[in-house]
Amino acid sequence: MFLGTYLAKFAAGRRVAVPAPLRRDLGESFILAKWYEGCLVLVARDSWEALLKRLTGSQKMLPTPVRDTERFIFSSAYESVPDDQGRIVIPDRLVSYANLEDELYFIGLGDRIEIWNKESWLEKEKSLAKDSAAYIEELARDERKRQ
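Counting the sequence shown from 1 gives a position; the numbering used here is that position plus 104.
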């Protein structure tokens, strides 16, 4: 399980070390792709398909939003293998998409890791702190309606 928030810095050649506590559960290869809200996602190779199935469902006839979600994620996905020091190379198009600069955050989210631009994460974290109680109440209301 991926947990925690870790600040990291780019080295030469767009390489960045995946924090050791996160690297333990990633395995030998993983998938790096665009994700929502301008960040990237890093997922263990053997968990990738389960994550996508959770997002897109298992319908035989896929509606446009599902097809577009698949296009958005699959077209940007790269298989990545860390070097001996636990570093990965983040491709230019993903660096550009997530507006990554010298410092970036790795965010553990249970079954996946998000990679954020430092300033974007700090802003997101502030809004989460401010809005989290309202989100929890809304989710609880939705759950009660389903029961």
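We put the beta carbon where it would ideally sit given N, CA and C, even for glycine. Just so it is clear, the structure is predicted and the values come from calculations on it, not from any experiment.
The alpha-carbon separation between Glu153 and Asp215 amounts to approximately 12 Å. Here DSSP, grouped into helix, strand and coil, assigns Ser133 to coil. DSSP, read as helix, strand or coil, puts Arg175 in helix.
By the 16-neighbour rule on beta-carbons within 10 angstroms, Ile135 is buried. In the DSSP assignment, Ser231 falls within the alpha helix (DSSP H) that extends over 222-250. Between the alpha carbons of Lys157 and Lys113 lies a gap of roughly 32 Å. Judged by DSSP secondary structure, Glu153 falls within the alpha helix (DSSP H) whose first and last residues are 152-160.
Nearest C-alpha to Glu223 among Leu204, Tyr239, Ile240, Asp235: Leu204.
Burial state of Gly212 is buried, judged by a 10 Å Cβ sphere holding 16 or more other Cβ atoms. Here Ser180 really is in contact with Arg197; their C-beta atoms are around 7 Å apart, less than 8 Å. For Tyr209, the pairing in a beta bridge is given by DSSP as Leu111, Trp220. The continuous beta strand (DSSP E) containing Tyr182 extends over residues 182-184.
A check of alpha carbon separations from Pro123 across Glu218, Glu174, Ser231, Arg250 identifies Glu218 as the nearest.
One alpha carbon belongs to Arg250, the other to Ala244, and they sit about 10 Å apart.
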